[in-house]
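As structure tokens, the structure follows; a few thoughts come after it.
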Amino acid sequence: MHELRVLIDADACPRQALAIAQGLCREFGWNCFTYASFNHQLRGENHITVDAGPQAVDMKLANDTRAGDIVVTQDIGLAALILGKKAASLTPHGTIFDPERIAFHLEERNEKARFRRGGGRTRGPAARTREDDQKFEEALRFLMKKREGESD
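Residue numbers (my numbering): 201 to 352.
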């Protein structure tokens, strides 16, 4: 049986979501790994620091991901890579990336980028709420229980 792991793209993960993930990992007895560029001051025994190059954290995280892992990221492109490795992925807001809808999310991301390149403006992320924390905790707990059921 493989080690049960949650990997977190910590460069853009809100502190509340990071704390929730670390707490659930302790509760379930899972290993929690955080990934960030050296520009972010995170510490811990399972923290992986990479250089500040573009996509450096995403590439390291994608390379380290194994089937059965759970990855927390807001990056849709990284989530697509993760799903291709038979791992699960969710956002710090609790949205679980579905393999059957990832192509839609990638297309939506590309359309928004094209719009911005043409001078348009899109909304930034909304302020984090308690409901976001609840939704994230519920979604991560769901994925962890599902993974534990698969490994029996």
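Glycine residues also receive a C-beta, built at the ideal position from the N, C-alpha and C atoms.
Going by DSSP, which residues form a beta bridge with residue i?
| i | result |
| --- | --- |
| HIS293 | DSSP lists no partner for HIS293. |
| PHE336 | Paired residue(s): none; PHE336 is not in a bridge. |
Anyone know if the C-beta pair for residue i and residue j falls short of 8 Å?
| i | j | result |
| --- | --- | --- |
| GLY294 | ALA326 | no |
| ALA210 | LEU218 | yes |
| ARG271 | ALA287 | The residue you asked about is not Arg; residue 271 is Val in the sequence shown. In contact: VAL271 and ALA287 (Cβ atoms closer than 8 Å). |
| ASN246 | ASN231 | yes |
| LEU343 | LEU290 | yes |
| PRO299 | PRO214 | no |
| ASP258 | ASP275 | yes |
| ARG347 | LEU204 | yes |
| ALA267 | SER237 | no |
Would residue i be called buried (16 or more neighbouring beta carbons within 10 Å of its own) or exposed?
| i | result |
| --- | --- |
| THR234 | buried |
| ARG321 | exposed |
| THR329 | exposed |
How many whole angstroms separate the CB atoms of residue i and residue j, which I take to be in contact at a CB cut-off of 8 Å?
| i | j | result |
| --- | --- | --- |
| ILE220 | ASP333 | 6 Å |
| LEU261 | LEU278 | 7 Å |
Shorter than 7 Å, the distance from the beta carbon of residue i to the closest heavy atom of the ligand HEM, or not?
| i | result |
| --- | --- |
| ILE276 | What this structure holds is no ligand at all, so the ligand HEM is not there to describe. |
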